[in-house]
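Per full-length UniProt numbering, residue 1 is the first one in the sequence shown, and the count goes up by one each step. Take a look at the structure below.
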Amino acid sequence: MDLGMLLLLVLSSAVCHSTDSTYYGGTMRSTVPGYMPPDSKWTGEVQFHYRENGRDRCEQQFSWECTSGYCNGSANRQGPVVQTTDKDQSGQNLWCQSEGHFTRNFTRDQKTQSYALSDSGCCWGSNVNGKTNWTIHTEVDLGLRVSPGPPTQNTPPVTATVPTLRVPQNCFSTLPLLAYDPDGDDVRCHFSVNVAHPNVTLDLVQCTLHATGLLAVGLHVFEMLLQDHPTVDVNMTGYKSNYSRKALNESYVNNLTPTPFSRVPLQFAVEIQPALSNCLPGYIRPQFLTPTPSHGDVHHAAVGHLYQLEARVKTAHAKIFDFQVSGPSNMTKKIQDEGVGVTRLFLGWTPQERHLKQNIPICFTAETNESQSEMRCVVVVVVKALALTGEANVSCTANRISITVIKAYLPEVDMKWLRLADSSCSLTSNQTHIMGTMSLNSCGTKMEDAGDFMVFKNEINSFDPVNATITRRNQINIGFSCRYPKTVSISNYYQIHSSNYMFTESNFGSFGYTFEVFKDSKFSQKVDPSAYPVNVKLMDRMYMGIQAQSDLPKVQLLVESCKATPDDSASSSLFYDLIKDGCLKDETVKVYPGNLTQFYFEVQAFKFTGSYDQVYLTCTVILCEVGNPNSRCGQGCLNTASRRRRRDLPNGETDRHYITQGPFRVVREAQPSADQKTGAGEKTRGDVEATYFLRSDMGTIVFAGLFIMTLMLLAVVVVYFLKKSRAEEHKALIAYD
Numbered sequence: 001m002d003l004g005m006l007l008l009l010v011l012s013s014a015v016c017h018s019t020d021s022t023y024y025g026g027t028m029r030s031t032v033p034g035y036m037p038p039d040s041k042w043t044g045e046v047q048f049h050y051r052e053n054g055r056d057r058c059e060q061q062f063s064w065e066c067t068s069g070y071c072n073g074s075a076n077r078q079g080p081v082v083q084t085t086d087k088d089q090s091g092q093n094l095w096c097q098s099e100g101h102f103t104r105n106f107t108r109d110q111k112t113q114s115y116a117l118s119d120s121g122c123c124w125g126s127n128v129n130g131k132t133n134w135t136i137h138t139e140v141d142l143g144l145r146v147s148p149g150p151p152t153q154n155t156p157p158v159t160a161t162v163p164t165l166r167v168p169q170n171c172f173s174t175l176p177l178l179a180y181d182p183d184g185d186d187v188r189c190h191f192s193v194n195v196a197h198p199n200v201t202l203d204l205v206q207c208t209l210h211a212t213g214l215l216a217v218g219l220h221v222f223e224m225l226l227q228d229h230p231t232v233d234v235n236m237t238g239y240k241s242n243y244s245r246k247a248l249n250e251s252y253v254n255n256l257t258p259t260p261f262s263r264v265p266l267q268f269a270v271e272i273q274p275a276l277s278n279c280l281p282g283y284i285r286p287q288f289l290t291p292t293p294s295h296g297d298v299h300h301a302a303v304g305h306l307y308q309l310e311a312r313v314k315t316a317h318a319k320i321f322d323f324q325v326s327g328p329s330n331m332t333k334k335i336q337d338e339g340v341g342v343t344r345l346f347l348g349w350t351p352q353e354r355h356l357k358q359n360i361p362i363c364f365t366a367e368t369n370e371s372q373s374e375m376r377c378v379v380v381v382v383v384k385a386l387a388l389t390g391e392a393n394v395s396c397t398a399n400r401i402s403i404t405v406i407k408a409y410l411p412e413v414d415m416k417w418l419r420l421a422d423s424s425c426s427l428t429s430n431q432t433h434i435m436g437t438m439s440l441n442s443c444g445t446k447m448e449d450a451g452d453f454m455v456f457k458n459e460i461n462s463f464d465p466v467n468a469t470i471t472r473r474n475q476i477n478i479g480f481s482c483r484y485p486k487t488v489s490i491s492n493y494y495q496i497h498s499s500n501y502m503f504t505e506s507n508f509g510s511f512g513y514t515f516e517v518f519k520d521s522k523f524s525q526k527v528d529p530s531a532y533p534v535n536v537k538l539m540d541r542m543y544m545g546i547q548a549q550s551d552l553p554k555v556q557l558l559v560e561s562c563k564a565t566p567d568d569s570a571s572s573s574l575f576y577d578l579i580k581d582g583c584l585k586d587e588t589v590k591v592y593p594g595n596l597t598q599f600y601f602e603v604q605a606f607k608f609t610g611s612y613d614q615v616y617l618t619c620t621v622i623l624c625e626v627g628n629p630n631s632r633c634g635q636g637c638l639n640t641a642s643r644r645r646r647r648d649l650p651n652g653e654t655d656r657h658y659i660t661q662g663p664f665r666v667v668r669e670a671q672p673s674a675d676q677k678t679g680a681g682e683k684t685r686g687d688v689e690a691t692y693f694l695r696s697d698m699g700t701i702v703f704a705g706l707f708i709m710t711l712m713l714l715a716v717v718v719v720y721f722l723k724k725s726r727a728e729e730h731k732a733l734i735a736y737d
């Protein structure tokens with residue numbers, strides 16, 4: 001290689017790495033602040049907000065240019081203003097993110113109502129995809145949606161990621177991305193360029209990446225577009241033009257998609273790190289706990305008022321040193337170590353007048369040296385004033401949520417313009433209160449896994465008539481939720497028929513369970529409550545069933561353990577395991593099929609040896625989300641090695657709780673009288689049982705007799721040697737004299 005060629009290569013490398021060498025992605029969102037009449041040639045201003053990801057620096061890289069539409073009519077009203085919003089404090093240049101915004105005026109003509117901005121540059125960070133140059137593109141439709149419904153300006157989808165995503169090679173399974181549409185449109189995610197992503201598929205509807213195999217260790221870059229389509233065909237109008245936007249249907253999805261309202265870019269990098277010894281959340285990888293918001297939650301904030309977000313995370317075998325945050329500029333971040341592996345994050349932000357009507361994404365991850373938590377994102381809707389929230393009382397029961405709102409806190413509010421998340425569910429009222437009751441899987445109630453709890457959320461919102469152009473009613477938003485611990489312990493004892501059990505923690509609500517005794521293996525006829533305590537004979541088969549009495553969707557029941565004790569203490573030193581760690585331990589236990597919330601089984605009656613004639617039975621049950629392979633239900637029966645590993649794991653559920661009642665009694669059949677005749681070689685069932693108890697009692701008597709005889713013999717030996725010793729001492733004294 002000659003010197004000239006070598007200098008050329010060095011200079012080329014220096015140019016790339018000295019300018020935009022640390023590009024790790026970005027995104028863009030747009031807002032039309034006001035209403036643009038359809039006959040207006042000038043659209044007025046459009047606000048653009050973009051975020052850029054980097055590592056060692058976060059200076060501005062984007063220089064957006066109008067690339068399609070009526071570009072001659074576009075003009076910058078306000079130039080870009082860029083601020084660093086988050087940067088790691090370790091000094092290792094692990095991540096940084098900046099946010100820029102600018103305002104542009106567009107002129108629309110009769111030919112087009114859509115405009116596009118684009119930019120390109122170099123260079124992506126070194127990656128396994130071989131990508132060097134990047135191109136980012138966004139489109140916005142400035143027409144009006146005129147039917148169905150009142151005329152409104154379209155609002156594009158909102159998305160974001162933290163600056164850098166990190167996943168151990170053996171832990172990457174799914175990556176849910178934020179894809180929120182303020183208009184409720186149908187959002188589809190697409191790869192924007194034809195780049196191969198081995199062992200990765202994209203769910204277009206859920207906007208989620210799925211791993212189909214192990215990804216190569218290193219940096220993987222993704223360039224995507226989010227497109228919003230109406231759920232029904234929509235008529236549009238612009239300056240001296242009318243057009244339409246079509247809803248998606250089966251033929252569109254499988255063949256040709258219709259023109260979307262807008263195209264929003266999302267570019268990010270995922271660093272696949274070396275494999276970890278354990279991928280369970282909370283072990284090395286941080287696990288979010290309550291009260292961390294769920295991914296995709298929508299919050300509200302008012303201009304001039306402090307908005308606060310709190311997250312809580314736990315890891316047992318790693319230290320959390322920071323949180324990555326993707327959010328607006330001037331957001332404060334505070335981290336608090338609670339000990340025992342738990343860390344809290346506090347975010348605070350006060351929206352300004354320029355943020356009004358914007359939908360602002362906030363994403364965050366917890367960081368350790370070894371790994372990173374899942375990414376969670378929320379959307380903050382900025383309004384002029386705080387929504388009326390009222391004074392509400394929420395009641396959480398085993399199967400339902402009830403909310404009561406005092407009317408006095410909602411002045412001049414007409415109840416007919418209030419509804420739950422699902423508008424088909426109605427509210428009721430009296431002179432003083434507004435009430436609503438719903439089951440845990442109806443009325444738009446959403447279930448979310450919060451790590452240590454399952455959270456069920458709903459809300460009361462105000463709404464306007466479909467064809468309304470203006471409104472004079474206050475905005476109402478009353479969010480409410482119930483939290484339920486994942487693990488519940490219940491007991492079935494037979495002295496008092498108390499088959500319905502509830503596990504409750506202060507104001508967290510509860511799940512309901514029944515634990516019944518049945519007459520036979522059909523499990524259709526319960527033992528009548530008047531028959532309690534239930535008397536059973538040895539070797540009789542007992543049929544029992546545990547069922548979660550709940551409307552919980554996608555939840556399954558695991559009976560983790562059942563043990564018998566001779567007294568009412570679940571921690572008794574004398575016990576017998578029927579089921580332990582999800583494994584059957586007694587050979588007479590037989591499990592019958594049932595649905596995901598039922599557990600039917602039989603066991604032969606028994607008693608503890610000795611003078612015990614009653615038995616208490618305690619079972620521990622766990623509720624899990626269906627399909628979660630990391631849940632206790634997904635583990636099933638644990639062998640010795642598995643149990644040893646699991647004790648090192650953080651407890652993802654609540655502690656076990658034991659509720660004691662009892663007992664059930666083992667009774668003996670009366671023996672036949674002396675004058676009862678039986679055939680030669682015949683024995684009645686009573687004879688067999690009487691023989692059992694006779695042998696048991698005779699064994700005790702023989703043992704006691706032998707023990708007493710041993711004591712007597714020992715006493716004789718001791719007396720003999722004592723007398724002999726004294727005689728020898730007496731002889732010694734006489735000889736001495």
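Glycine is no exception: its CB is placed at the ideal position from the N, C-alpha and C atoms. Fair warning: this is a prediction, and the values are worked out from it, not measured in the lab.
State the start and end residues of the unbroken alpha helix (DSSP H) segment that holds residue i.
{"i": "Cys443", "result": "Careful: Cys443 lies outside any alpha helix (DSSP H) and carries neither H nor E."}
{"i": "Gly634", "result": "632-635"}
Following the continuous beta strand (DSSP E) through residue i, name the residue where it begins and the one where it ends.
{"i": "Pro265", "result": "263-273"}
{"i": "Gly91", "result": "Counting along the chain, Gly91 falls outside any beta strand (DSSP E), and DSSP gives it neither H nor E."}
{"i": "Arg145", "result": "144-147"}
{"i": "Glu602", "result": "598-604"}
{"i": "Phe523", "result": "No beta strand (DSSP E) holds Phe523; DSSP gives it neither H nor E."}
{"i": "residue 750", "result": "Absent from the structure is residue 750, since the part of the chain shown begins at 1 and ends at 737."}
{"i": "residue 738", "result": "The chain is shown only over 1 to 737; residue 738 falls outside these bounds and no answer can be derived."}
{"i": "Gly296", "result": "Counting along the chain, Gly296 falls outside any beta strand (DSSP E), and DSSP gives it neither H nor E."}
{"i": "Ala160", "result": "Ala160 -> no beta strand (DSSP E), and no H or E assigned at all."}
{"i": "His305", "result": "Unbroken run through His305: none, as it is neither H nor E."}
{"i": "Leu557", "result": "555-565"}
{"i": "Val187", "result": "186-191"}
{"i": "Lys457", "result": "453-462"}
{"i": "Asn133", "result": "133-141"}
{"i": "Ile320", "result": "320-326"}
Compare the C-alpha of residue i against each of the options and name the closest.
{"i": "Val517", "options": "Leu538, Lys537, Ile546", "result": "Ile546"}
{"i": "Ile360", "options": "Asn105, Leu420, Gly296, Lys407", "result": "Gly296"}
{"i": "Gly582", "options": "Leu558, Tyr576, Asp567", "result": "Leu558"}
{"i": "Glu45", "options": "Gln206, Arg354, Phe453", "result": "Arg354"}
{"i": "Leu94", "options": "Ser30, Gly54, Asn127, Thr67", "result": "Gly54"}
{"i": "residue 742", "options": "Asp414, Ser481, Gln431, Asn393", "result": "The displayed coordinates of the chain run from 1 to 737. Any statement about residue 742 would go beyond what the structure contains."}
{"i": "Val603", "options": "Asn628, Cys624, Asp577", "result": "Asp577"}
{"i": "Asp141", "options": "Val221, Thr31, His220", "result": "Thr31"}
{"i": "Val193", "options": "Asn133, Asn242, Gly125, Cys562", "result": "Asn133"}
{"i": "Leu225", "options": "Ala548, Ser147, Thr159, Lys357", "result": "Thr159"}
Confirm the yes/no value for this check: CB of residue i, any heavy atom of the ligand GDP, distance under 6 Å.
{"i": "His433", "result": "Among the components of this structure there are no ligands whatsoever, and the ligand GDP is therefore not found."}
Indicate the three-state DSSP secondary structure (helix, strand or coil) for residue i in the structure shown.
{"i": "Glu310", "result": "strand"}
{"i": "His355", "result": "helix"}
{"i": "Met224", "result": "strand"}
{"i": "Met712", "result": "helix"}
{"i": "Cys171", "result": "helix"}
{"i": "Ala548", "result": "strand"}
{"i": "Met415", "result": "helix"}
{"i": "Lys607", "result": "coil"}
{"i": "Lys407", "result": "helix"}
{"i": "Asn628", "result": "coil"}
{"i": "Thr84", "result": "strand"}
{"i": "Glu587", "result": "coil"}
{"i": "Tyr493", "result": "Because the pLDDT at Tyr493 is just 32, under 50, the model does not fix this residue reliably, and the value given afterwards should be weighed accordingly. In the structure shown, Tyr493 sits in coil (DSSP, three-state: anything other than H, G, I, E or B)."}
{"i": "His17", "result": "Low local confidence applies: a pLDDT of 35 at His17 is under 50, so the model's placement there is unreliable, with the coordinate-based value given in what follows. If DSSP states are grouped into helix, strand and coil, His17 belongs with the helices."}
So residue i and residue j are supposed to be a Cβ contact under 8 Å. How far apart are they, rounded?
{"i": "Ala311", "j": "Leu280", "result": "Actually they are not in contact, since the Cβ atoms of Ala311 and Leu280 sit about 20 Å apart, beyond 8 Å."}
{"i": "Val382", "j": "Met28", "result": "That pair is no contact at about 18 Å."}
{"i": "Tyr592", "j": "Phe606", "result": "Actually they do not touch by this definition, with Cβ atoms about 20 Å apart."}
{"i": "Glu625", "j": "Lys554", "result": "6 Å"}
{"i": "Val298", "j": "Val394", "result": "About 19 Å; that fails the 8 Å criterion."}
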